[in-house]
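Engineer: Going down the list, the sequences are from chains A and B.
Residues in the first sequence are numbered consecutively from 54, following our numbering.
Residues in the second sequence are numbered consecutively from 3, following our numbering.
C-beta atoms are modelled at their ideal positions from N, C-alpha and C, and glycine is treated no differently.
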Amino acid sequence: MNLRQSIFQAREMLLDYEEKRLDQQRQDLVQRALQNDSETQRTLNNIRKGLELAQEFSKIQIEDDFNQYLQISENFSSTLKKYSHFKNWAPNYRMAGYIFGIFCSIGLAIYLVPADVISKLKVRPQDEIVLSVVKNDSNPSKLSDDPETRDAQLLAAQNMDSDDENDSDNASSEESSGDEGIVAANTNENQNEDNTPNSNLRSKTPEPKVQAQNEQAKAVTNLSDKKQEGYVYRGTMRISDLDENSKLITEHIKSLGGEKAGEVDLGWRKDNKGSYYHFTIPESHFDNLQEFLHKMYPVKFSKDPHPRIMPDGQIRIILWVERVQ
Amino acid sequence: MGFIPTRELSRKVYLFFLLQILDVELSTQLAQIVLSEMKSKLDQSEDTSEYRDDYCLKICFETYQAHLKKIQQARLKNLQSKSEQIPWKDHLTQLSPLQIQIWNRFSRQARQDEISSLLNTKILGFNEEDVSEAQGISLGTLRFRLARATKVLGICAEAET
Numbered sequence: 054m055n056l057r058q059s060i061f062q063a064r065e066m067l068l069d070y071e072e073k074r075l076d077q078q079r080q081d082l083v084q085r086a087l088q089n090d091s092e093t094q095r096t097l098n099n100i101r102k103g104l105e106l107a108q109e110f111s112k113i114q115i116e117d118d119f120n121q122y123l124q125i126s127e128n129f130s131s132t133l134k135k136y137s138h139f140k141n142w143a144p145n146y147r148m149a150g151y152i153f154g155i156f157c158s159i160g161l162a163i164y165l166v167p168a169d170v171i172s173k174l175k176v177r178p179q180d181e182i183v184l185s186v187v188k189n190d191s192n193p194s195k196l197s198d199d200p201e202t203r204d205a206q207l208l209a210a211q212n213m214d215s216d217d218e219n220d221s222d223n224a225s226s227e228e229s230s231g232d233e234g235i236v237a238a239n240t241n242e243n244q245n246e247d248n249t250p251n252s253n254l255r256s257k258t259p260e261p262k263v264q265a266q267n268e269q270a271k272a273v274t275n276l277s278d279k280k281q282e283g284y285v286y287r288g289t290m291r292i293s294d295l296d297e298n299s300k301l302i303t304e305h306i307k308s309l310g311g312e313k314a315g316e317v318d319l320g321w322r323k324d325n326k327g328s329y330y331h332f333t334i335p336e337s338h339f340d341n342l343q344e345f346l347h348k349m350y351p352v353k354f355s356k357d358p359h360p361r362i363m364p365d366g367q368i369r370i371i372l373w374v375e376r377v378q
Numbered sequence: 003m004g005f006i007p008t009r010e011l012s013r014k015v016y017l018f019f020l021l022q023i024l025d026v027e028l029s030t031q032l033a034q035i036v037l038s039e040m041k042s043k044l045d046q047s048e049d050t051s052e053y054r055d056d057y058c059l060k061i062c063f064e065t066y067q068a069h070l071k072k073i074q075q076a077r078l079k080n081l082q083s084k085s086e087q088i089p090w091k092d093h094l095t096q097l098s099p100l101q102i103q104i105w106n107r108f109s110r111q112a113r114q115d116e117i118s119s120l121l122n123t124k125i126l127g128f129n130e131e132d133v134s135e136a137q138g139i140s141l142g143t144l145r146f147r148l149a150r151a152t153k154v155l156g157i158c159a160e161a162e163t
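(1) When the cut-off is 8 Å and only beta carbons count, does F110 (chain A) lie next to chain B?
(2) Whole angstroms are fine: how far does the CA of K102 (chain A) sit from the CA of N89 (chain A)?
(3) Which of the three DSSP states, helix, strand or coil, is assigned to F354 (chain A)?
(4) Taking only the alpha-carbon atoms, compute the straight-line gap between L121 (chain B) and R147 (chain B) and give it to the nearest angstrom.
(5) Rounded to whole angstroms, what's the CA-CA distance from L20 (chain B) to L174 (chain A)? Just pull it up for me.
(6) Please state if the CB of R291 (chain A) and the CB of E344 (chain A) are separated by a distance shorter than 8 Å.
(7) With a cut-off of 8 Å, does the C-beta of R101 (chain A) fall near any C-beta of chain B?
(8) Does the beta-carbon distance from A76 (chain B) to I23 (chain B) come in below 8 Å?
(9) Can you list, in chain order, the residues of its chain with a C-beta nearer than 6 Å to that of F63 (chain B)? Leave out the 5 residues immediately preceding and following it.
(10) In three-state terms, what does DSSP make of G160 (chain A)?
(11) Considering just the uninterrupted stretch of the alpha helix (DSSP H) at Q75 (chain B), what are its terminal residues?
(12) Is the shortest distance between the beta-carbon of I113 (chain A) and the beta-carbons of chain B less than 8 Å?
(13) Any idea what DSSP makes of V317 (chain A), helix, strand or coil?
(14) For F139 (chain A), which of helix, strand or coil comes out of DSSP?
(15) Apply the 10 Å Cβ neighbour rule to M148 (chain A) and answer buried if 16 or more other Cβ atoms are within range, or exposed otherwise.
(16) Between the segment 67-86 of chain A and chain B, which residues of the former have CB atoms less than 8 Å from a CB of the latter, in chain order?
(17) Would you call D25 (chain B) buried or exposed, if buried means 16 or more other Cβ atoms sit within 10 Å of its Cβ?
(18) Would you report the Cα separation of I159 (chain A) and I152 (chain A), rounded to the nearest angstrom?
(19) For L301 (chain A), which of A:L319, A:P358 and A:I113 has the nearest alpha-carbon?
(20) Have a look at B:S29, B:I35 and B:Y57 and flag the residue whose alpha-carbon is nearest the alpha-carbon of F128 (chain B).
(21) Taking C-beta to C-beta, are N120 (chain A) and S12 (chain B) nearer than 8 Å?
(22) Roughly how many angstroms lie between the CA atoms of Q82 (chain B) and E160 (chain B), to the nearest whole one?
(23) Spatial neighbours of V36 (chain B) within its chain, please: CB distance less than 7 Å, with the 5 preceding and 5 following residues excluded, ordered by chain position.
(24) Is the CB of Q62 (chain A) under 8 Å away from at least one CB in chain B?
(25) Could you give the first and the last residue of the continuous alpha helix (DSSP H) run that contains T96 (chain A)?
(26) Got a sec? Which residues, its chain only, sit under 6 Å from L87 (chain A) by beta carbon, not counting five neighbours each side?
(27) Counting only C-beta atoms, is Q101 (chain B) closer than 8 Å to chain A at any point?
(28) Chain B partners of N98 (chain A), CB-CB under 9 Å?
(29) With DSSP collapsed to three states, give me the class of V285 (chain A).
(30) List the residues of chain A whose Cβ lies closer than 7 Å to the Cβ of G127 (chain B), in chain order.
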């Protein structure tokens, strides 16, 4: 170990040397450094002065009055000063303070915010919505996922805008000749037997319609006047050999330029009880179609008003071909 | 009856804050907080001889840390004042003006942890092991800081004389 290292180490041990805490070996090291280095000696002198001064400071006493003041008033003033700081509160009280502060803030906000601002945040009354909902026949939320069933539901919904009396009459007359019967009514009949959603549709739809008509009579009248411009042909047939004749009817309709007007294809089978045709055809071919169908059954078509408007030269036909046992 | 702090204990606690903060009002307040806390906690134990120096030191250091921001502001304000305007000059009449000046100089030149080490061991007379445990440092670190503080105090004393 060289002299510089020993002096450096000795300076670090001066306090221990002064307090006589060193072993003999280290003590000799410090003494050698003190002999050889004046800076080390000066540091030792400073340490000695510091210790003397610290000794004088240790004799400081406080007055009795002040001491009593510290002891007597500690329970009240110190507690008061201590808990004047929110951070010094107990955790439970601090949490209660936070909650109280939040409620006060909310109450203050409600008190200060003008009432008209709050009223603007309210939802508008539903009378404006009811009108559009009622008049929307093809509400997707009510339709079945099955395309075949969906078209029948659409048909049922459309028929609800037509004469309700016809629907109720046809629902009761199952065995009538059916020439003047409306297809949709029979369709609804069959659907009511088997298809619960359609029956629900029938049961539910009239109510909001009635409400809307009572509440918004003028508006409904205006709207319905506009929707009365369109029309649909409805007819019913009863034949025995359904399978063969359905194919013939389908082919003939297509040959005359007919195309399906709804979701289901031409000749959609409803539980093997009949075939359903919902199609558009050029108006000029309507007579040809009637002649063809008359060979199978003396069908008569009724022209009913409907909101759906077809392009000029095109007509829309709903034909129900029922199987006769 | 409960725990009653002795005069010696009150003195130590008060000087612990006064000689570090150099502010009479704040030191009084913090000393009262420490003594009340000690009283409340020791009253829960039936035997008052449970009091120990390390317990007192622990509460002192915790209180110091809890009010650190306020302490630093007060300390800074008092250190910047001139020697004739030392706020606590008249409070400790046993100290001469020179000694007070030396301590003021020492408070400006030494680090806070060194001042604390010197104060707790050499002035207040606490055990070094208790001080190191309360501060959360090793004994060697405490001795190192003590040595530096003692040297600086000696240098300040030489400068003022």
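Structural biologist: Working from what's here:
(1) Here the question's residue 110 (chain A) lines up with position 57 in the first sequence. Interface residue, yes.
(2) On the first sequence, position 36 is the one that residue 89 (chain A) refers to. On the first sequence, position 49 is the one that residue 102 (chain A) refers to. Going by the C-alpha atoms only, they are around 21 Å apart.
(3) On the first sequence, residue 354 (chain A) is found 301 positions in, with the first residue counted as 1. In this structure, F354 (chain A) counts as coil in the three-state DSSP scheme.
(4) Counting from 1 along the second sequence, the entry for residue 121 (chain B) is found at position 119. Counting from 1 along the second sequence, the entry for residue 147 (chain B) is found at position 145. Their Cα atoms are separated by approximately 11 Å.
(5) In the second sequence, counting from the first residue as 1, residue 20 (chain B) sits at position 18. In the first sequence, counting from the first residue as 1, residue 174 (chain A) sits at position 121. C-alpha separation (whole angstroms): 60 Å.
(6) Locating residue 344 (chain A) in the first sequence gives position 291, where the first residue counts as 1. Locating residue 291 (chain A) in the first sequence gives position 238, where the first residue counts as 1. Contact flag unset, no.
(7) Working through the first sequence from its first residue, we reach residue 101 (chain A) at position 48. Yes, contact with chain B.
(8) Within the second sequence, the letter at position 74 stands for residue 76 (chain B). Within the second sequence, the letter at position 21 stands for residue 23 (chain B). Result yes, Cβ atoms of A76 (chain B) and I23 (chain B) sit closer than 8 Å.
(9) As a position in the second sequence, residue 63 (chain B) is number 61, starting the count at 1. Excluding sequence neighbours, F63 (chain B) sits near A136.
(10) Here residue 160 (chain A) refers to the residue found at position 107 of the first sequence. Looking at G160 (chain A) - three-state DSSP - the assignment turns out to be helix.
(11) As a first step, residue 75 (chain B) must be located in the second sequence, where it is residue number 73. Note, Q75 (chain B): alpha helix (DSSP H), L70 to L81.
(12) Taking the first residue of the first sequence as position 1, residue 113 (chain A) is located at position 60. Closer than 8 Å to some Cβ of chain B, the Cβ of I113 (chain A) qualifies, so yes.
(13) Reading the first sequence from its first residue, position 264 is the one you call residue 317 (chain A). V317 (chain A): coil per DSSP, three-state reduction.
(14) Position 86 of the first sequence holds residue 139 (chain A). Correct three-state label for F139 (chain A): helix.
(15) Translated into the one-based positions of the first sequence, residue 148 (chain A) becomes position 95. Looking at its Cβ environment, which holds fewer than 16 other Cβ atoms inside 10 Å, M148 (chain A) is exposed.
(16) L67, L68 and D69
(17) By 1-based counting over the second sequence, the position of residue 25 (chain B) is 23. D25 (chain B) should be labelled buried.
(18) Taking the first residue of the first sequence as 1, we reach residue 159 (chain A) at position 106. Taking the first residue of the first sequence as 1, we reach residue 152 (chain A) at position 99. When rounded, the distance between both Cα atoms is 11 Å.
(19) Here residue 301 (chain A) corresponds to residue number 248 of the first sequence, with the count starting at 1. Looking at the Cα atoms, A:L319 is the closest of the given residues.
(20) Here residue 128 (chain B) corresponds to residue number 126 of the second sequence, with the count starting at 1. Cα-wise, what sits closest to F128 (chain B) is B:Y57.
(21) Indexing the first sequence from 1 puts residue 120 (chain A) at position 67. Indexing the second sequence from 1 puts residue 12 (chain B) at position 10. Yes.
(22) Translated into positions along the second sequence, residue 82 (chain B) becomes position 80. Translated into positions along the second sequence, residue 160 (chain B) becomes position 158. Roughly 21 Å separates the two Cα atoms.
(23) As a working mapping, residue 36 (chain B) is identified with position 34 in the second sequence. Result list for V36 (chain B): V15, I61, C62 and T65, in chain order.
(24) What you label residue 62 (chain A) is simply residue 9 of the first sequence in a count that begins at 1. Not one chain B Cβ lies under 8 Å of Q62 (chain A).
(25) As a position in the first sequence, residue 96 (chain A) is number 43, starting the count at 1. Unbroken alpha helix (DSSP H) run through T96 (chain A): S91 to F110.
(26) If you number the first sequence from 1, residue 87 (chain A) lands on position 34. If we look at L87 (chain A) and ignore the five residues flanking it on each side, its Cβ neighbours are T93 and Q94.
(27) To locate residue 101 (chain B), count along the second sequence from 1; it is residue 99. It does; some Cβ of chain A falls within 8 Å.
(28) In the first sequence, counting from the first residue as 1, residue 98 (chain A) sits at position 45. Chain B residues near N98 (chain A): G156 and E160.
(29) Here residue 285 (chain A) refers to the residue found at position 232 when the first sequence is read from its first residue. Strand at V285 (chain A).
(30) As a first step, residue 127 (chain B) must be located in the second sequence, where it is residue number 125. Here the neighbours are S111.
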